[in-house]
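Written below as structure tokens is the structure these notes are about.
In this note's numbering, the protein residues as written are 542 to 1114.
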């Protein structure tokens, strides 16, 4: 019996020892794995000069140890061996340190508090924490936690880590999650009660791109080249109408055609907007305008096909005549498409309008005819399947409830926005960005600008030339190209004139010199000015041919051509 008890104790002790040994081996393996993971992510930061210099300096330690190896091992001590071999790994330890991985106990504790625990019972490992050029902090985690679980507990993570999550996405592997964040010390514009005032400096040079506002770190822009049509939704006081007008003004400032639809008697878009486009106040007039735009779209499609252009940007690069964009702005789509209590005739007109809007949403992506549809109370009966599917851009302020937000964004995020005027959500595909919209004031920001004419292929578009020039520096590529062409042609003309003037000047100087030499009794044949003049005359055709070549090459490389001409002009000044 005693022997059996001893055997059991011995076996128990051996089991404990084996388990302890296994744990030690696991911990060593874990440390080695984390070291190499950290070194991998640290190596990615060597593109920054300060980290690269530090990495190179870290090699001084192993170099020193190798050079002094014999002295170090004069005394055979375990500590010296440990220090020596760990010192050889100094570059790896340095990469691990700059990666910000692994050892952040505070992050692990915060994840525990947010109940982010993997299927293995472990908290995900922080592989790296980096700050990008814009100031976003990027966390990379590795662990057995589903992406859906990370997103579900995003608010808890924000609270315990004092940050704002902008994006949570899967890494290259399913056990890797990347979280894009803003430090909690940086606030959104508008949080302090101040408004974010509009300025024409925010107008983008690229045609079709508009500035919407700012988040904590960067400007938020929308590209009508990628999303040709937008829904702008929001309850009263959310800032919907203000952001619509700021977008509208950016189109106006570049000379584009705008059409206003306002069934409130035209009060939403006041007198200051009338010079820039028609204001439609009833359904029959809107139906008539839509028929005109359908014809315009067909003509534009044919024109694009004639030049082999795939869209309006491509067309403006290939054509000498600019194709302007058209923006149809509907202040309240609900009033336009509401079928309640309509007569049979009115119902027929409304159905036509709905069908025409759906058609535009589908077929006018390339031709530069855009729609900006305002909605105060989102309703599934108002936003038809065709419109919702093909109007891909979404800008949404605070709405009354979750279902209203679902109709616009397919989630309830807009119902959870704070009650701050201008606080909006921009949805581009599956990505969402919360931002503070610009505060645009008609009496302060709407200016009296010139209005280009003849912007529609169907005709009937009359310009206005009694205002200021279009906003300086904000013109499109084709306008800048036209100005450069004019300057270039002037240079060609001046080149020919300069050659003629030089020739005449040389002959004049020759005759003057001959006269003086004859008066002094010298032989004028010793002065070989004829050779100089003949050389210039012979090279005239060469210089003109060169300028013709540069002119033909203009469409491919205008800058190079202008530089050549500028250098030539300087040589002959």
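Here a beta-carbon is modelled for each residue, glycine too, at the ideal position from N, C-alpha and C.
Here the structure is a predicted model, which means the values were calculated and not measured.
In this structure, the beta-carbon distance from residue 822 to residue 804 falls below 8 Å. The residue from 963, 964, 934 with its alpha-carbon nearest to that of residue 951 is 934.
Between residue 798 and residue 867, the CB-CB gap stays under 8 Å. Secondary structure of residue 724 (DSSP, three-state): strand. Around the beta-carbon of residue 593, fewer than 16 other beta-carbon atoms lie within 10 Å, marking it exposed. For the options 607, 841, 785, the alpha carbon positioned closest to that of residue 909 is the one of 841. Taking residue 778 as the centre and dropping the five residues before and after it, the same chain places the C-beta of 962 closer than 7 Å to its C-beta, in chain order.
Using a Cβ distance threshold of 8 Å, residue 655 and residue 693 do not count as a contacting pair. Distance from the CA atom of residue 704 to the CA atom of residue 678, rounded to whole angstroms, is 9 Å.
The beta-carbon separation of residue 773 and residue 936, rounded to 5 Å, stays under the 8 Å limit for a contact.
By the CB criterion at 8 Å, residue 980 and residue 783 fall inside the cutoff. For residue 838, the enclosing alpha helix (DSSP H) stretches over residues 824-848. Of the candidates 724, 756, 750, 756 places its Cα closest to the Cα of residue 736. From the listed residues 752, 758, 760, 806, the smallest Cα separation to residue 786 is found for 752.
The segment 721-741 and the segment 879-896 do not touch, with fewer than three beta-carbon pairs separated by less than 8 Å. In this chain, the alpha helix (DSSP H) harbouring residue 699 covers 695-702. Secondary structure at residue 669: strand, using DSSP grouped into helix, strand and coil.
For the set 716, 749, 689, the Cα lying nearest the Cα of residue 763 is the one of 749. Secondary structure of residue 804 (DSSP, three-state): coil.
Under the Cβ criterion (8 Å, minimum of three pairs), the segment 988-1000 counts as touching the segment 827-844. Pairing residue 660 with residue 759, the inter-Cα distance amounts to about 37 Å. Under DSSP, residue 750 takes part in a beta bridge, and its partners are 764. Here residue 875 is not near residue 942, since their CB atoms are 8 Å or more apart.
Residue 647 sits in a helix when the DSSP states are folded into three classes. Taking a contact to require three or more Cβ pairs closer than 8 Å, the segment 626-636 and the segment 669-685 do not qualify as touching.
Its chain contains 757 as the residues whose beta carbon lies nearer than 6 Å to that of residue 727, once the 5 sequence neighbours on both sides are disregarded; these appear in chain order. Residue state for residue 677 is assigned as coil, using DSSP reduced to three classes. Secondary structure note for residue 868: its beta strand (DSSP E) is the uninterrupted segment 867-871. Counting C-beta atoms within 10 angstroms of its own C-beta, residue 906 has 16 or more neighbours from the protein chains shown and is therefore classed as buried.
Shown here, residue 614 sits in coil according to DSSP, grouped into three states, outside any helix or strand. In this structure, the beta-carbon distance from residue 669 to residue 582 falls below 8 Å.
For residue 743, no alpha helix (DSSP H) segment is defined, and its DSSP state is neither H nor E. Rounded to whole angstroms, the Cβ separation of residue 927 and residue 899 is 4 Å, and the two are in contact under 8 Å.
Here the alpha carbons of residue 584 and residue 577 stand approximately 10 Å from one another.
Within its own chain, the residues whose Cβ lies closer than 6 Å to the Cβ of residue 649, once the five positions on either side in sequence are excluded, are 664, listed in chain order. A distance below 6 Å between beta-carbons, with the five flanking residues on each side excluded, links residue 865 to the following residues of its chain, in chain order: 797, 798, 996.
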